[in-house]
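> Structure in structure tokens, see below.
2 protein chains.
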Amino acid sequence: MFAVTILGNNSALPAYDRHPSAQIVTIYDQLLLIDCGEGTQMQLSRYKIRRGKLNHIFISHLHGDHYFGLIGLISSMALLNREQPLHLFAPAGLEEIIQLQLKVASTTLPFPLIFHPLEKEGLILEDSKFTVETFHTQHRIPCWGFLIREKKDPRKVDKEKAVQHHIPSAYYQSLKAGYDYTSKDGSVIYNDQVTIPNSPARSYAYCADTLYDERLATIAKDVTMIYHEATYLNGMEERATARFHSTTSQAATIALKANAGGLLLGHFSSKFEELHDYLKEALEVFPNTQLAIEGVTFKI
Amino acid sequence: MFAVTILGNNSALPAYDRHPSAQIVTIYDQLLLIDCGEGTQMQLSRYKIRRGKLNHIFISHLHGDHYFGLIGLISSMALLNREQPLHLFAPAGLEEIIQLQLKVASTTLPFPLIFHPLEKEGLILEDSKFTVETFHTQHRIPCWGFLIREKKDPRKVDKEKAVQHHIPSAYYQSLKAGYDYTSKDGSVIYNDQVTIPNSPARSYAYCADTLYDERLATIAKDVTMIYHEATYLNGMEERATARFHSTTSQAATIALKANAGGLLLGHFSSKFEELHDYLKEALEVFPNTQLAIEGVTFKI
Numbered sequence: 001m002f003a004v005t006i007l008g009n010n011s012a013l014p015a016y017d018r019h020p021s022a023q024i025v026t027i028y029d030q031l032l033l034i035d036c037g038e039g040t041q042m043q044l045s046r047y048k049i050r051r052g053k054l055n056h057i058f059i060s061h062l063h064g065d066h067y068f069g070l071i072g073l074i075s076s077m078a079l080l081n082r083e084q085p086l087h088l089f090a091p092a093g094l095e096e097i098i099q100l101q102l103k104v105a106s107t108t109l110p111f112p113l114i115f116h117p118l119e120k121e122g123l124i125l126e127d128s129k130f131t132v133e134t135f136h137t138q139h140r141i142p143c144w145g146f147l148i149r150e151k152k153d154p155r156k157v158d159k160e161k162a163v164q165h166h167i168p169s170a171y172y173q174s175l176k177a178g179y180d181y182t183s184k185d186g187s188v189i190y191n192d193q194v195t196i197p198n199s200p201a202r203s204y205a206y207c208a209d210t211l212y213d214e215r216l217a218t219i220a221k222d223v224t225m226i227y228h229e230a231t232y233l234n235g236m237e238e239r240a241t242a243r244f245h246s247t248t249s250q251a252a253t254i255a256l257k258a259n260a261g262g263l264l265l266g267h268f269s270s271k272f273e274e275l276h277d278y279l280k281e282a283l284e285v286f287p288n289t290q291l292a293i294e295g296v297t298f299k300i
Numbered sequence: 301m302f303a304v305t306i307l308g309n310n311s312a313l314p315a316y317d318r319h320p321s322a323q324i325v326t327i328y329d330q331l332l333l334i335d336c337g338e339g340t341q342m343q344l345s346r347y348k349i350r351r352g353k354l355n356h357i358f359i360s361h362l363h364g365d366h367y368f369g370l371i372g373l374i375s376s377m378a379l380l381n382r383e384q385p386l387h388l389f390a391p392a393g394l395e396e397i398i399q400l401q402l403k404v405a406s407t408t409l410p411f412p413l414i415f416h417p418l419e420k421e422g423l424i425l426e427d428s429k430f431t432v433e434t435f436h437t438q439h440r441i442p443c444w445g446f447l448i449r450e451k452k453d454p455r456k457v458d459k460e461k462a463v464q465h466h467i468p469s470a471y472y473q474s475l476k477a478g479y480d481y482t483s484k485d486g487s488v489i490y491n492d493q494v495t496i497p498n499s500p501a502r503s504y505a506y507c508a509d510t511l512y513d514e515r516l517a518t519i520a521k522d523v524t525m526i527y528h529e530a531t532y533l534n535g536m537e538e539r540a541t542a543r544f545h546s547t548t549s550q551a552a553t554i555a556l557k558a559n560a561g562g563l564l565l566g567h568f569s570s571k572f573e574e575l576h577d578y579l580k581e582a583l584e585v586f587p588n589t590q591l592a593i594e595g596v597t598f599k600i
């Protein structure tokens with residue numbers, strides 16, 4: 001299981017029952033929350049997503065529509081007597097705000113809140129089944145994107161054949177990694193005799209809020225899915241640039257240059273009640289585009 | 301027009317589409333927002349309440365379910381290019397939080413945000429048509445209630461009679477205040493010849509979060525309507541006291557002792573999906589009780 005569920009797809013001003021940025025990435029048995037605009041905890045309830053499975057939260061930047069819901073979510077976890085640690089990856093300034101909010105409420109969290117300030121590009125989380133890297137995006141204030149890569153052995157064991165060759169199951173992990181097997185009598189079983197290639201590891205790039213920036217296409221090269229903001233429609237490039245945002249065609253161009261498998265468009269302006277123009281314009285540049293509709297889960 | 305519209309009636313943990321505390325008091329042409337839990341700006345949109353008419357916000361205390369929605373509301377006002385001043389009455393600690401949140405976002409508000417720290421009981425706002433007083437309530441952290449009183453002249457002018465007696469309209473304000481009129485020939489027109497008694501000034505006491513505290517009945521003496529929290533049902537007095545909250549009967553007893561015209565019950569625990577027990581229990585003590593249902597406007 002590797003999928004993303006949209007909780008909020010709107011830009012800063014909530015409108016038309018669209019909410020500020022938040023999405024849940026499900027990867028195997030873990031839930032990762034990326035951004036946490038106001039009302040995210042209510043959206044989690046609405047879509048019946050269990051807060052208890054959430055151990056990692058990533059905040060791209062400190063514009064309120066990306067984090068104002070975080071303190072409410074943390075407070076609710078405390079009221080529900082959460083005990084397991086919560087890891088928070090965010091720009092450094094957020095820690096002081098949270099600590100201040102807990103202090104004025106005389107609240108001591110019943111669980112460890114482990115703050116990981118985003119400081120430089122690269123690997124920020126390594127799990128047994130996935131990694132998360134962060135990268136800069138170009139926005140009005142410091143802003144970070146996140147790249148989640150599934151970890152996958154390059155080969156799968158063909159168990160029938162491995163058994164035929166009397167390879168002990170303790171050696172299977174080495175087979176998956178590509179090693180040959182040397183039996184006790186010295187004969188070599190070549191790796192490709194007992195394994196088949198695994199499907200490629202999947203990946204998801206969340207490009208946060210950003211100007212049109214071709215560097216993102218390099219960072220997200222060959223990802224299975226890219227999320228790119230499209231606050232504005234075509235023809236509004238000047239406004240987009242002035243506000244450090246992107247248009248539909250700019251987002252789709254990044255997906256195209258990245259050779260991404262799919263594009264998820266979000267962060268829609270409150271100016272537009274209808275979203276079909278966003279889709280139409282992006283499809284002209286990049287065919288495999290979908291709108292990040294709230295409540296929908298997209299397989300990666 | 302003097303009424304209260306409920307935006308949030310739940311205690312800290314949002315549940316069953318009930319939201320954390322927030323209510324709008326409409327008094328003549330002014331909207332006053334009392335408390336501002338997470339999602340209040342969305343609730344304002346949902347119930348089509350115009351943010352532009354909101355010039356005064358009152359925050360009872362710094363538990364998150366009473367203020368986490370404030371920074372989002374302020375940010376949206378900024379995005380909408382509000383220019384008129386916004387007055388914020390709140391415990392002193394809130395100012396630092398807001399300033400920090402604006403700073404990390406590199407946001408400069410396009411309107412004056414005038415912070416009035418709550419420091420002592422008494423008058424905090426005097427308008428031409430109403431006053432707002434504040435008072436302490438007994439909660440785990442410092443907490444303030446608000447008492448809104450309509451200003452009303454004691455008498456109304458009976459225009460037909462005033463004209464018969466040749467009283468100039470410039471003198472009507474004095475008539476309303478109860479003065480007699482002496483005409484140029486020295487004859488006295490007694491006030492009660494040309495005026496009738498006005499209906500009594502209405503008042504609304506918002507008792508915030510609180511323990512059972514009979515002092516509140518004295519403060520809210522004879523109010524037209526009292527809002528009192530009832531987080532818990534009868535039989536949960538011990539828990540209520542431990543958490544500095546009240547039960548239904550405690551809330552109703554305060555309304556009774558205050559000789560209030562009506563009681564509005566709110567701040568319901570997330571333990572209960574159904575609210576009818578709250579009403580039933582309170583009605584046994586105080587007949588004119590209503591539940592603070594979200595989206596409903598109660599005339600004061």
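Same order as they appear, the protein sequences are chains A and B.
If you're matching positions, the first sequence starts at 1 in the numbering used here and goes up one per residue.
If you're matching positions, the second sequence starts at 301 in the numbering used here and goes up one per residue.
Built from N, CA and C at the ideal position, the CB exists for glycine as well.
Nothing here was measured: the structure is a model prediction, and the numbers come from that model.
(1) Between which two residues does the alpha helix (DSSP H) carrying histidine 545 of chain B extend?
(2) Can you tell me which of the three DSSP states histidine 66 of chain A falls into?
(3) Specify whether the region 49-66 of chain A and the region 14-28 of chain A touch according to this definition: at least 3 beta carbon pairs, one from each stretch, less than 8 Å apart.
(4) From glutamate 214 of chain A to leucine 263 of chain A, what does the alpha carbon distance come to, in whole angstroms?
(5) State the start and end residues of the unbroken alpha helix (DSSP H) segment that holds asparagine 191 of chain A.
(6) Count Cβ pairs between the region 255-262 of chain A and the region 218-225 of chain A that sit closer than 8 Å; are there 3 or more?
(7) Please classify glycine 52 of chain A: does DSSP put it in a helix, a strand, or coil?
(8) Of all the options A/Leu7, A/Ala15, A/Ser199, A/Thr5, which has the alpha carbon lying nearest to the alpha carbon of serine 269 of chain A?
(9) Near leucine 362 of chain B, what residues of its chain come up, given a Cβ to Cβ distance below 7 Å and the 5 sequence neighbours on each side ignored?
(10) Where does glycine 561 of chain B fall in DSSP's three states?
(11) Go to alanine 282 of chain A, then tell me how far its alpha helix (DSSP H) extends in each direction, as first and last residue.
(12) Can you name the residues of chain A whose CB is closer than 9 Å to the CB of glutamate 396 of chain B?
(13) Would you say glycine 364 of chain B and serine 45 of chain A are within 8 Å of each other, going by their C-beta atoms?
(14) Shorter than 8 Å from the beta carbon of proline 500 of chain B to some beta carbon of chain A?
(15) Can you check whether the CB of leucine 113 of chain A is closer than 8 Å to the CB of leucine 86 of chain A?
(16) Report the residues of the region 63-75 of chain A with a CB closer than 7 Å to any CB of chain B, ordered along the chain.
(17) When DSSP builds the beta bridges, which residues end up paired with glutamate 160 of chain A?
(18) DSSP state of glycine 310 of chain A, grouped into three classes?
(19) Report the option in A/Lys151, A/Thr210, A/Val194 whose CA atom is closest to the CA atom of serine 169 of chain A.
(20) Does the distance from the C-beta atom of glutamine 138 of chain A to that of phenylalanine 58 of chain A stay below 8 Å?
(21) So, do the region 3-20 of chain A and the region 289-297 of chain A have three or more beta carbon pairs nearer to each other than 8 Å?
(22) Which residues mark the beginning and the end of the alpha helix (DSSP H) in which threonine 218 of chain A is found?
(23) Leaving out five residues before and five after aspartate 209 of chain A in sequence, what residues of the same chain have Cβ atoms less than 6 Å from its Cβ?
(24) In chain B, which residues lie less than 8 Å from alanine 12 of chain A when you measure between Cβ atoms?
(25) To which residues of the same chain is glutamate 311 of chain A closer than 8 Å at the C-beta, ignoring the five residues directly before and after it?
(26) Which ranges would you report for the beta strand (DSSP E) in the region 434-459 of chain B if only whole runs of at least 3 residues count?
(27) Would leucine 313 of chain B and leucine 79 of chain A qualify as a contact pair, given that the criterion is a beta-carbon distance under 8 Å?
(28) Quick one: grab the DSSP three-state call for arginine 539 of chain B.
(29) Isoleucine 293 of chain A by DSSP, collapsed to three states: which one?
(30) Under a three-way DSSP split, which group does glutamine 473 of chain B fall into?
(31) For arginine 82 of chain A, count the other beta carbons within 10 Å of its own beta carbon; 16 or more makes it buried, fewer makes it exposed. Which is it?
(32) Would you mind listing the alpha helix (DSSP H) stretches within the region 356-412 of chain B that are 4+ residues and don't spill past its ends, in chain order?
(33) What distance in whole Å lies between the Cβ atoms of asparagine 9 of chain A and glutamine 30 of chain A, which are believed to be in contact at a cut-off of 8 Å?
(34) Cβ of glutamine 43 of chain A less than 8 Å from any chain B Cβ?
(35) Need the endpoints of the beta strand (DSSP E) that methionine 301 of chain B sits in, please.
(36) Among all the DSSP beta bridges, which residues are the ones paired with histidine 416 of chain B?
Put simply:
(1) No alpha helix (DSSP H) holds histidine 545 of chain B; DSSP gives it neither H nor E.
(2) Helix at histidine 66 of chain A.
(3) In this structure the region 49-66 of chain A lies against the region 14-28 of chain A, because at least three pairs of beta carbons, one per stretch, are closer than 8 Å.
(4) Taking the straight line from one Cα to the other gives about 15 Å.
(5) Note, asparagine 191 of chain A: alpha helix (DSSP H), 191-194.
(6) Enough Cβ pairs lie closer than 8 Å, so yes.
(7) In this structure, glycine 52 of chain A counts as helix in the three-state DSSP scheme.
(8) Ranking A/Leu7, A/Ala15, A/Ser199, A/Thr5 by CA distance to the CA of serine 269 of chain A puts A/Ala15 first.
(9) Pro391, Gly393, Leu394, Ile441, listed in sequence order.
(10) In the structure shown, glycine 561 of chain B sits in coil (DSSP, three-state: anything other than H, G, I, E or B).
(11) Alanine 282 of chain A: member of the alpha helix (DSSP H) spanning 276-285, first to last residue.
(12) Going along chain A in sequence order, the residues near glutamate 396 of chain B (Cβ under 9 Å) are Leu100, Val104.
(13) Pairing glycine 364 of chain B with serine 45 of chain A gives a Cβ-Cβ distance that is not under 8 Å.
(14) Look at proline 500 of chain B: its C-beta is not under 8 Å from any C-beta on chain A.
(15) Yes, these two residues count as a Cβ contact at 8 Å.
(16) Cβ contacts with chain B: His63, Gly64, Phe68, Gly69, Ile71, Gly72, Ser75.
(17) Per DSSP, glutamate 160 of chain A has no beta-bridge partner at all.
(18) In the structure as shown, chain A starts at 1 and stops at 300, and residue 310 of chain A therefore has no counterpart that could be examined.
(19) When only C-alpha atoms are compared, the closest one is A/Val194.
(20) No, these two residues do not count as a Cβ contact at 8 Å.
(21) Yes, since at least three Cβ pairs between the region 3-20 of chain A and the region 289-297 of chain A fall closer than 8 Å, the two stretches touch.
(22) Unbroken alpha helix (DSSP H) run through threonine 218 of chain A: 215-219.
(23) Excluding sequence neighbours, aspartate 209 of chain A sits near His139, Cys143, Glu229.
(24) By Cβ distance, chain B contributes Ser375, Ser376, Leu379.
(25) In this structure chain A extends from 1 to 300, so residue 311 of chain A is not present and cannot be described.
(26) With a minimum length of 3 residues, the continuous beta strand (DSSP E) runs that stay inside the region 434-459 of chain B are 443-450, 455-457.
(27) Between leucine 313 of chain B and leucine 79 of chain A, the CB-CB gap stays under 8 Å.
(28) Here arginine 539 of chain B sits in helix by DSSP.
(29) Looking at isoleucine 293 of chain A - three-state DSSP - the assignment turns out to be coil, as it is neither helix nor strand.
(30) Looking at glutamine 473 of chain B - three-state DSSP - the assignment turns out to be helix.
(31) Flag for arginine 82 of chain A reads buried.
(32) DSSP runs (the alpha helix (DSSP H)) wholly in the region 356-412 of chain B: 370-379, 393-404.
(33) Contact between glutamine 30 of chain A and asparagine 9 of chain A does not hold, since the beta-carbon distance rounds to 22 Å and is not under 8 Å.
(34) Chain B, which has no Cβ nearer than 8 Å to the Cβ of glutamine 43 of chain A, makes this no.
(35) According to the DSSP assignment, methionine 301 of chain B belongs to no beta strand (DSSP E), since it is labelled neither H nor E.
(36) DSSP, once it has assigned bridges, lists B/Phe389 as partnering histidine 416 of chain B.
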